[in-house]
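Inspection log for the structure reproduced underneath, given as structure tokens.
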Amino acid sequence: MLRLACLLGIAALVILIALFLDPNGSTAIVFSFIGNPLLALAVLLGLLWWWRTPRETL
């Protein structure tokens, strides 16, 4: 699950880099409708993995 979260985060960053290199309307729309949800899903999966992973008690 953590690997999937990292992969989704990397995909969102690739789209963000494309927006940074060529700031026009089409890349902004792609980031808004594809990159941003990918990033949100990556954060959600990462938090779910962190919550489900057993931790040592001190």
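Here our numbering is used: the first residue of the sequence shown is -15, the next is one more, and so on. Think of the CB as a built atom: it goes at the ideal place given N, C-alpha and C, for glycine as much as any other residue.
- Around the beta carbon of Gly9, fewer than 16 other beta carbons sit within 10 angstroms, so the residue counts as exposed.
- Sequence-distant Cβ neighbours of Leu25 in its own chain, meaning closer than 6 Å and more than five residues away, are Leu(-8).
- Rounded to the nearest whole angstrom, the CA to CA distance from Leu32 to Ala(-5) is 19 Å.
- Judged by DSSP secondary structure, Pro7 falls outside any alpha helix (DSSP H); it is assigned neither H nor E.
- Taking C-alpha positions only, Ala2 is separated from Thr11 by approximately 7 Å.
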